[in-house]
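Reading through the structure tokens given below for one structure.
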Amino acid sequence: MNTTIDRLFANTTKIIALAILLIVAWIFATLLDHSMESLKAFGFDFITESKWAPNLEKFGALPAIYGSVISTFLAMILAVPLAIGVAIFLSELAPAKLKSPVGVSIELLAAIPSVIYGMWGLFYFVPIIRDVFGGIGISMLTAGIVLSIMILPFMAAVTRDAMNTTPDILKESAYALGGTKWDVIKDIVIPYAKAGIIGSFILALGRAIGETMAVTFVMGNVHKISIDLTAPATSIPVTLANEFTEADTDLYYSSLFELSLLLLIISFTIISVAKFYFLRRKRVA
Amino acid sequence: MATIIDITEEKALEVKDFEFTYAGADAPSIKKLTMPIAKNSITALIGPSGCGKTTLLRSFNRMHDLYPGNEYAGEILFKNKNILTSKEDLINLRIQIGMIFQKPTAFPMSIFDNVAYGMRLQGIKNKIELQDRVEKALQDAAIWKEVKDRLKHDANGLSGGQQQRLCIARAVAVEPEVLLFDEPTSALDPISTAGIEELIVELRERVSIIIVTHNMQQAARVSDYTGFMYLGELIELGKTEELFVTPKEKLTEEYITGKFG
């Protein structure tokens with residue numbers, strides 16, 4: 006009797022778990038199916054063509070890819086040093102009284118819905134960028150800054166967790182050789198937690214590259230590659246959010262699907278690298 | 010009521026009326042402890058769990074200072090100077106008084122870099138000097154032959170016994186005057202343990218050694234002096250062969266004959 010229930014339970018959970026695999030495959034298949042027309046029309050040129058002109062039925066994804074890559078890159082440059090600094094403070098330097106309240110606040114920040122970062126960015130950062138750097142304020146730079154603020158709490162929290170796994174006895178050993186706090190952080194804590202830290206950066210990168218709502222407000226949806234960071238730009242998710250409802254031809258619609266397929270592949274690749282390469286369970290020393 | 014023999018030879022350290030209280034604790038974990046530590050000899054600290062022997066050991070290099078709120082009282086004299094003052098240069102103190110821990114603690118770096126670490130902290134950059142001293146330290150720790158062909162390999166690839174000898178090499182490399190061993194073999198197999206014990210005995214020529222151990226046979230095998238601690242007090246300090254054969258205190262006798270532990 007018990008074994009029947011056990012088996013029933015095991016099989017039910019197995020089906021539910023396998024359904025997840027199925028859903029992933031299903032999403033992929035749907036995107037591929039809807040992208041077919043665009044794939045046939047443009048082939049490989051889709052990702053090298055920089056002209057996006059719906060009225061001419063010409064679709065090139067390069068500006069969107071460029072915008073995704075550059076805005077994410079900007080976000081990472083700004084967020085990585087800050088995240089490391091915050092994590093070092095929380096795991097090694099902060100007095101016990103501060104550790105918990107600041108740590109919890111950071112986790113709360115990480116839970117803010119991204120649309121709120123977008124709205125806040127539009128009303129707070131757009132005027133600042135306009136006044137300080139010129140341009141209209143809606144730009145690649147603004148998107149990079151808003152993205153960096155959005156991913157910072159997550160990065161800091163995961164980096165702190167990785168640093169906290171450094172055994173006390175290892176740190177004490179370095180102190181026992183005459184190490185200072187800084188020596189111990191740089192030679193012991195960071196190398197020990199390196200894999201986890203890099204893993205958290207890559208996960209944050211994956212989040213930034215796929216982020217939609219936080220940047221839709223502040224990026225401008227202009228399909229133009231410009232090295233001027235204060236110029237408006239676009240990214241893959243920004244294009245999707247802005248144009249999906251406007252897609253009036255089959256080819257337009259299919260091109261947007263191909264963009265989303267590209268985004269899915271990029272995100273999968275990034276997350277896979279993080280998971281399999283950096284976030285594997287540490288072997289027990 | 011304690012029996013503490015006079016040590017006629019030169020002393021490496023002298024503990025005088027030492028008290029230690031952990032942060033937030035009501036009562037001190039070590040009470041009015043007085044104890045001489047002889048130079049160039051091995052002093053073992055034995056006693057049941059919680060007797061304060063590791064707490065005492067970690068006071069000699071002020072390890073307790075890493076955690077806020079701990080309090081010292083009394084004196085520990087090293088080179089005729091009380092090391093418990095707030096003026097004490099802890100970095101300098103820890104270079105002179107090294108420590109080996111319960112578990113091997115190879116740093117996440119190569120074998121060579123592990124041994125060179127303490128020297129590099131002191132600002133030694135000369136490659137030839139580093140190489141010479143790393144080789145010498147590894148020979149002193151009786152591990153040179155096993156690792157000489159893979160000095161650039163990650164130290165975490167070594168076995169537990171090898172890692173512990175690497176830690177000893179790392180500690181010896183900075184030429185300390187005192188080495189503190191905190192149950193150095195508790196995580197090791199019997200063969201590795203025998204190797205470490207042999208090494209400790211050899212090191213006595215050059216450094217004064219204090220070893221905390223749960224293993225009374227180990228204390229009897231390696232040490233010249235043994236101190237028996239109980240509930241934060243030093244009950245008896247004597248020459249090892251005398252303390253184990255003819256203990257002066259009833260408590261010591263009960264402990265070494267296994268009446269409690």
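In the order they appear, the protein sequences are chains A and B. Going by the numbering used here, 84 is the number at position 79 of the first sequence; the sequence numbering is gapless. Going by the numbering used here, 259 is the number at position 250 of the second sequence; the sequence numbering is gapless. From the three backbone atoms N, C-alpha and C, an ideal C-beta is built for every residue, glycine too.
Q. If we ignore side chains and look at the alpha-carbon of each, how far apart do B:G127 and B:R179 end up?
A. For this step, residue 127 of chain B is matched to residue 118 along the second sequence. For this step, residue 179 of chain B is matched to residue 170 along the second sequence. Cα to Cα, the separation comes out at about 7 Å.
Q) Is A:I20 buried or exposed, if buried means 16 or more other CB atoms sit within 10 Å of its CB? A) Within the first sequence, the letter at position 15 stands for residue 20 of chain A. Around the C-beta of A:I20, fewer than 16 other C-beta atoms lie within 10 Å, and the residue is accordingly described as exposed.
Q: Please list, in chain order, all residues of the same chain as B:I51 whose beta carbon is under 6 Å from its beta carbon, the five residues on each side excluded.
A: By one-based count along the second sequence, residue 51 of chain B stands at place 42. Beyond the five residues adjoining it in sequence on each side, B:I51 comes within less than 6 Å, by CB distance, of R213, I218, V231, S232, D233 in the same chain, given in chain order.
**Q.** Reduced DSSP category for B:Y234 - H, G, I as helix; E, B as strand; rest coil
**A.** The sequence position of residue 234 of chain B within the second sequence is 225, counting from 1. Three-state result, B:Y234: strand.
Q. Does the distance from the CB of A:G225 to the CB of A:P237 come in under 8 Å?
A. Sequence index remark: in the first sequence, residue 225 of chain A carries index 220 (1-based). Sequence index remark: in the first sequence, residue 237 of chain A carries index 232 (1-based). Taking 8 Å as the Cβ cut-off, A:G225 and A:P237 qualify as a contacting pair.
Q: Taking only the alpha-carbon atoms, compute the straight-line gap between A:L15 and A:L27 and give it to the nearest angstrom.
A: Numbered from 1 along the first sequence, position 10 holds the residue referred to as residue 15 of chain A. Numbered from 1 along the first sequence, position 22 holds the residue referred to as residue 27 of chain A. Note that residue 15 of chain A is Ala in the sequence shown here, rather than Leu. Roughly 18 Å between the two C-alpha positions.
Q | Short-range partners of chain A found in the stretch 85-117 of chain B, where Cβ spacing is below 8 Å | A | When CB distances to chain A are screened at a threshold of 8 Å, the residues of the stretch 85-117 of chain B falling below it are I100, N101, R103, I104, G107, M108, F110, Q111, K112, T114, A115, F116, P117, in chain order.
Q. Residue range of the beta strand (DSSP E) that B:D26 falls in?
A. What you label residue 26 of chain B is simply residue 17 of the second sequence in a count that begins at 1. For B:D26, the enclosing beta strand (DSSP E) stretches over residues 20-30.
**Q.** chain A contact residues for B:Q131, given Cβ-Cβ distances below 8 Å
**A.** For the purposes of this step, residue 131 of chain B is taken as residue 122 along the second sequence, with counting starting at 1. Residues of chain A with a Cβ closer than 8 Å to the Cβ of B:Q131 are, in chain order, G183.
**Q.** Bounding residues of the alpha helix (DSSP H) (the contiguous stretch that carries B:G170)
**A.** Position 161 of the second sequence, counted from the first residue, corresponds to residue 170 of chain B. Unbroken alpha helix (DSSP H) run through B:G170: 169-182.
Q: Kindly give me the distance between the Cβ atoms of A:G65 and A:F51, rounded to whole angstroms, as I take these residues to be in contact under 8 Å.
A: Here residue 65 of chain A refers to the residue found at position 60 when the first sequence is read from its first residue. Here residue 51 of chain A refers to the residue found at position 46 when the first sequence is read from its first residue. About 7 Å separates the two Cβ atoms, so the contact holds.
Q. Which class does B:V221 belong to by DSSP, given the choice of helix, strand or coil?
A. Position 212 of the second sequence, counting from 1, holds the residue named residue 221 of chain B. Per DSSP, reduced to three states, the secondary structure at B:V221 is strand.
Q: Locate the beta strand (DSSP E) running through B:I39, then write down its first and last residues.
A: By 1-based counting over the second sequence, the position of residue 39 of chain B is 30. First-last of the beta strand (DSSP E) with B:I39: 39-47.
Q. By the criterion of Cβ-Cβ separation under 8 Å, what are the contact partners of A:P68 in chain B?
A. In the first sequence, residue 68 of chain A corresponds to position 63, counting from 1. By Cβ distance, chain B contributes nothing, its closest Cβ being about 43 Å from A:P68, past 8 Å.
Q: Flag this pair as yes or no: are the beta carbons of A:T221 and A:G139 separated by less than 8 Å?
A: Numbered from 1 along the first sequence, position 216 holds the residue referred to as residue 221 of chain A. Numbered from 1 along the first sequence, position 134 holds the residue referred to as residue 139 of chain A. No, Cβ-Cβ distance for A:T221 and A:G139 is not below 8 Å.
Q | N- and C-terminal bounds of the beta strand (DSSP E) containing B:T114 | A | One-based indexing of the second sequence puts residue 114 of chain B at position 105. Segment: none, B:T114 is in no beta strand (DSSP E) and carries neither H nor E.
Q: Look up A:A238 in the DSSP assignment and give the residues it is bridged to.
A: Position 233 of the first sequence, counted from the first residue, corresponds to residue 238 of chain A. In the DSSP output, where bridge partners are listed per residue, A:A238 has A:G225.
Q: Could you tell me whether the stretch 185-197 of chain A touches the stretch 109-120 of chain A, using the rule of 3 or more Cβ pairs below 8 Å?
A: In short, these stretches do not touch, since the Cβ pair count stays below three.
(Q) By the three-class DSSP mapping on this structure, what secondary structure does A:A290 have? (A) In the first sequence, counting from the first residue as 1, residue 290 of chain A sits at position 285. A caution first: A:A290 carries a pLDDT of 38, below 50, which makes its placement in the model too unreliable to give a value.
Q.
8 Å is my cut-off, CB to CB: does A:S178 come that close to chain B?
A. Here residue 178 of chain A is taken as the residue at index 173 of the first sequence, counted from 1. Output row for A:S178: interface = yes.
Q) For a contact meaning CB atoms closer than 9 Å, what does B:R159 contact in chain A? A) What you label residue 159 of chain B is simply residue 150 of the second sequence in a count that begins at 1. The contacting residues do not exist; B:R159 stays about 17 Å from chain A at best.
Q: Please report how far the alpha carbon of A:A290 lies from the alpha carbon of B:L167, in whole angstroms.
A: Within the first sequence, numbered from 1, the residue matching residue 290 of chain A stands at position 285. Within the second sequence, numbered from 1, the residue matching residue 167 of chain B stands at position 158. Its pLDDT being 38, under 50, A:A290 is placed unreliably in this model, and the value from its coordinates should be taken loosely. Roughly 10 Å separates the two Cα atoms.
Q) How would you label B:G59, buried or exposed, when you count the other beta carbons within 10 angstroms and need 16 or more for buried? A) Numbered from 1 along the second sequence, position 50 holds the residue referred to as residue 59 of chain B. Classification of B:G59: exposed, given that the 10 Å Cβ count is below 16.
Q | Beta-carbon spacing of A:M145, A:E216 below 8 Å | A | To locate residue 145 of chain A, count along the first sequence from 1; it is residue 140. To locate residue 216 of chain A, count along the first sequence from 1; it is residue 211. No; because the gap between Cβ atoms is not below 8 Å, this pair is not in contact.
Q: Show which residues of chain A have a CB atom less than 8 Å away from the CB atom of B:V183.
A: Against the second sequence, residue 183 of chain B aligns to sequence position 174. Under the 8 Å cutoff, chain A gives L182, G183.
Q: Taking 8 Å as the threshold, find out whether the stretch 42-50 of chain B comes into contact with the stretch 21-34 of chain B through three or more Cβ pairs.
A: Short answer: they touch.
Q | chain B contacts from the stretch 162-175 of chain A (Cβ-Cβ distance under 7 Å) | A | Under the 7 Å Cβ criterion, the stretch 162-175 of chain A contributes I174, L175.
**Q.** chain A within 8 Å of B:R213, Cβ atoms only
**A.** As a first step, residue 213 of chain B is located in the second sequence; it is residue number 204 there, counting from the start. With a threshold of 8 Å between beta carbons, B:R213 makes no contact with chain A.
Q.
In whole angstroms, give me the CA-to-CA distance for B:R71 and B:A146.
A. Counting from 1 along the second sequence, the entry for residue 71 of chain B is found at position 62. Counting from 1 along the second sequence, the entry for residue 146 of chain B is found at position 137. If you draw a straight line from the Cα of B:R71 to the Cα of B:A146, it is about 25 Å long.
Q. In its own chain, which residues sit with a C-beta less than 6 Å from the C-beta of B:G247, not counting the 5 before and 5 after it?
A. Numbered from 1 along the second sequence, position 238 holds the residue referred to as residue 247 of chain B. The answer, listed in chain order, is I14.
Q. Would you say B:A164 and B:A196 are within 8 Å of each other, going by their C-beta atoms?
A. Residue numbering aside, residue 164 of chain B sits at position 155 when the second sequence is read from its first letter. Residue numbering aside, residue 196 of chain B sits at position 187 when the second sequence is read from its first letter. Contact flag unset, no.
Q) Do we get a CB-CB distance below 8 Å when we pair B:N79 with the residues of chain A? A) The sequence position of residue 79 of chain B within the second sequence is 70, counting from 1. No - not a single Cβ of chain A is within 8 Å of the one on B:N79.
Q) If you pair each beta-carbon of the stretch 250-259 of chain B with each one of the stretch 77-84 of chain B, do three or more pairs fall below 8 Å? A) Contact between the stretch 250-259 of chain B and the stretch 77-84 of chain B is absent: fewer than three C-beta pairs spanning the two stretches fall below 8 Å.
Q. For A:I203 and chain B, any beta-carbon pair shorter than 8 Å?
A. In the first sequence, the residue the question calls residue 203 of chain A occupies position 198. Interface annotation, A:I203: not in contact with chain B, CB-CB separation never under 8 Å.
Q) Applying the criterion that 16 or more other CB atoms from any shown protein chain within 10 Å of the CB defines a buried residue, is A:W57 buried or exposed? A) For the purposes of this step, residue 57 of chain A is taken as the residue at position 52 of the first sequence. Classification of A:W57: buried, given that the 10 Å Cβ count is 16 or more.
Q. Below 8 Å between beta carbons: does that hold for A:T67 and A:I230?
A. Position 62 of the first sequence, counted from the first residue, corresponds to residue 67 of chain A. Position 225 of the first sequence, counted from the first residue, corresponds to residue 230 of chain A. A quick correction: the sequence has Leu, not Thr, at residue 67 of chain A. At a Cβ-Cβ threshold of 8 Å, A:L67 and A:I230 count as neighbours.
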